[in-house]
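Numbers 1 to 119, taken from the UniProt record's numbering, label the letters of the sequence shown in order.
The beta-carbon is built from N, C-alpha and C at its ideal position, and this holds for glycine as well.
Every value quoted in this text rests on a predicted model; they were computed, and no experiment measured them.
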Amino acid sequence: MRRAQGGYNYQPLPQHSGGINNSSNHDALEEENERMAEELQTKIGALKSLTIDIGNEVKYQDKYLQGLDDDMDRTGGFLSNTMNRVIRLGKGGHRNYMCYMFLFVMFIFFILFLILKFR
């Protein structure tokens, strides 16, 4: 009878009764089992080490993302406060201030453009 599961073919060894040949066959099977158990133990150790490394990397990246999220929240708060000030300034009767602010911003962008272009 042949069993195929997961791509591994397994055919049971025939069972013979008694004799020296059976004893040496049994010893060979025991040695092979021991060797395969050691290989399996080595592979399990490697997988365990890899799993621990993956866990450490996940923890590090989680902390990094939490810090990034906090920074984005702070930046969003800063930008919303700035936008509220600009809106408040725009709602007031100070149209000249908005014109001056627009010209100032355009001047700064122009200066930055020149600096970056002729660097």
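Any chain C beta carbon closer than 8 Å to residue i
i, result
"V105", "The chain inventory of the structure shown lacks chain C, comprising one protein chain alone."
Cβ-Cβ distance between residue i and residue j below 8 Å
i, j, result
"M98", "L89", "yes"
Nearest candidate by alpha-carbon position, reference residue i, set the options
i, options, result
"R85", "M101, D53, M72", "M101"
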